[in-house]
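K.L.:
Take any residue in the sequence shown, count from 1 to its spot, add 2: that is its number in the numbering used here.
Glycine included, each C-beta is placed from N, C-alpha and C at the ideal position.
Got a structure here, written out as structure tokens. Questions coming.
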Amino acid sequence: EKNELQKIGEDKIKKGHYAVITMAGGQGTRLGHSGPKGTYALETINGKKYIFEIIVDTLKQANAKYGVSIPWYIMTSRENNKETIEFLEQNNYFGYNKENVKFFVQGELPLIDIKGKIILDKNGKIKEAADGNGGIYEAFAREGLIKELKNNKIDWIFVSGIDNILSNFVDPVLLGLTIKEENVIASKSVVKTNPKEKVGVFCKMNGKPKVIEYIDLPEEMAEERDENNELVYGNVNIGTYLYNRSVFEDLADAKLPYHAAFKKSGYLDLNGEFIEPEEPNVYKFEAFIFDAFPRYNEMTILRVKRQDEFAPIKNRTGNDSPETAIKLYNEKYK
Ligand code: UTP
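Have a look at this one:
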């Protein structure tokens, strides 16, 4: 079955019907690197590699394998757009054909203090911040890129984050499976290691596909096992999504729910003085890319091996840090 699916997917990719989006608009606060996350350098067995470079490596391998030049779209935010473009320019796009790289900037939302008031930035303007990776649908459409996909006959778009350095985002098997199942959205999962692992998992809620975050999953459901002793809610969302172009068309004006996060943010006080608070003081509103899934009846999910495809870089040290990701990368490439 795998061979059959692979063939279906490869056929589409070879005909140039496939594009890739990297979401790189996040602030990467947990990693604490001073530039955009993609500009972070890792010491690997293949030498020093910037995260962006690793993504380019994956794209180049696919291009060579399928004899194509895959269009690569990079989502940035106002805060990091300039720096991201400059970095890739300076590094000559790590050898990727510049003609095939496009940037688009996600939207922003105002920050709100605990009294529900907007706050002001240094320049006296309303302070805003990136609207979460769910801003992708609106931003992509706003920049006229859906039309571009259509003109270039691109039917399938793979979206993944900047921070998973093993992301296998040119995957003919997933594409073949999605086409065979006649779905328009797909994703990949890995097995949850234990009921307490702090990850979002796929589920169906009210009959619709959904990603449920660990904080929202009741403990008894997190523990629930099926007849094979596998966790019922054990398919971890690794932040990689495949879409038919029609989904981007459908969602161009979609309003997704906002999730509020309590964060620290500097502001101008009533005396015009800029204050850097020591404690969280504002709510930041973010839409999540996967909150669009319940609008569809079904989605395809392909379970893959964690060690092959999931090496996230979220934290400076400990779990999901550069150290753990480099280890996984080296294991894979050695
Ligand atoms: P995360 O949820 O890990 O957020 O993003 P982050 O901003 O990178 O990191 P922290 O939470 O501040 O430490 C998951 C993916 O979604 C992208 C990120 O760049 C990453 O690839 N993202 C997130 C955006 O593109 N825009 C956003 O507004 C938020």
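1. Rounded to a whole number of angstroms, what is the C-alpha to C-alpha distance between Pro314 and Asn185?
2. So, helix, strand or coil for Leu272, using DSSP?
3. Starting from Phe105, trace the beta strand (DSSP E) in both directions and tell me its first and last residue.
4. Mind checking Lys55: buried by the 16 CB within 10 Å criterion, or exposed?
5. So who's on the other strand from Met207, going by DSSP bridges?
6. Distance, Cα to Cα, Val22 vs Lys336?
7. Using a threshold of 9 angstroms, state whether the C-beta atoms of Gly134 and His261 are closer than that.
8. Can you say whether Pro324 is buried or exposed, counting buried as having 16 or more other CB atoms within 10 angstroms of its CB?
9. Checking the sheet assignment: what are the DSSP bridge partners for Gly52?
10. Which ranges would you report for the alpha helix (DSSP H) in the stretch 103-163 if only whole runs of at least 4 residues count?
11. Compare the C-alpha of Phe96 against each of Lys51, Asp157, Ala64, Glu251 and name the closest.
12. Is it buried or exposed, Lys127, if we count other Cβ atoms within 10 angstroms and call 16 or more buried?
13. Cβ atoms of Leu168 and Asp310: under 9 angstroms apart, would you say?
14. Identify, in the order they occur along the chain, each residue of the same chain with its Cβ nearer than 8 angstroms to the Cβ of Asn239, setting aside the five sequence neighbours on each side.
15. Below 8 angstroms, how does it come out for the stretch 112-124 and the stretch 80-90: are there three or more Cβ pairs, yes or no?
16. Lys194: buried (16+ other C-beta within 10 angstroms of its C-beta) or exposed?
17. Mind checking who Leu33 pairs with in its DSSP beta bridge?
18. Check whether the Cβ atoms of Ile187 and Asn246 sit closer than 9 angstroms, and answer yes or no.
19. Report the rounded CA-to-CA distance for Met223 versus Phe106, giving the unit in angstroms.
20. Secondary structure at Ser189, three-state DSSP: helix, strand or coil?
21. Report the three-state DSSP secondary structure of Asn166 (helix, strand or coil).
22. Mind checking Pro38: buried by the 16 CB within 10 Å criterion, or exposed?
23. Can you give me the start and stop residues for the beta strand (DSSP E) that Tyr216 sits inside?
24. To which residues does DSSP link Phe264 through a beta bridge?
25. Which stretch, first to last residue, makes up the alpha helix (DSSP H) that contains Leu90?
26. Please name the residue in Ala141, Glu278, Ala64 whose C-alpha comes closest to that of Leu253.
27. I'd like the list of long-range same chain contacts for Arg32, defined as Cβ closer than 6 angstroms, with 5 residues on each side in sequence excluded.
28. Are the CB atoms of Pro174 and Leu7 within a distance shorter than 9 angstroms?
29. Could you work out which residue in Lys104, Ala263, Ser71, Asn332 is closest to Pro282 when comparing CA atoms only?
30. Could you tell me whether any non-hydrogen atom of the ligand UTP is closer than 8 angstroms to the CB of Leu33?
31. Inspect the beta-carbon positions of Phe160 and Thr242 and report whether they are closer than 9 angstroms.
P.N.:
Looking at the coordinates:
1. One alpha carbon belongs to Pro314, the other to Asn185, and they sit about 27 angstroms apart.
2. coil
3. From DSSP, the beta strand (DSSP E) with Phe105 extends over 103-107.
4. Note that residue 55 is Glu in the sequence shown, not Lys. Classification for Glu55: buried.
5. Lys210
6. 26 angstroms
7. yes
8. buried
9. The sequence shown places Tyr at residue 52, not Gly. Bridge partners of Tyr52: Ala43.
10. 138-144, 147-153
11. Lys51
12. exposed
13. yes
14. Ser189, Ser191, Val201, Gly202, Val203, Phe204, Val213, Phe292
15. no
16. buried
17. Looking at the DSSP assignment, Leu33 forms no beta bridge with any residue, so it has no partner.
18. Against a cut-off of 9 angstroms, the Cβ pair of Asn246 and Ile187 comes out as a contact.
19. If I take the Cα positions, the gap works out to 39 angstroms.
20. DSSP places Ser189 in the strand class (E or B) of the three-state scheme.
21. strand
22. Counting Cβ neighbours within 10 Å, Pro38 comes out buried, since at least 16 surround it.
23. That residue, Tyr216, is in no beta strand (DSSP E); it is neither H nor E in DSSP.
24. Tyr285
25. That run of the alpha helix (DSSP H) goes 83-92.
26. Of the candidates Ala141, Glu278, Ala64, the one whose C-alpha sits nearest the C-alpha of Leu253 is Ala141.
27. Lys316, Asn317
28. Contact flag set, yes.
29. Taking only the C-alpha atoms, the option nearest Pro282 is Ala263.
30. yes
31. yes
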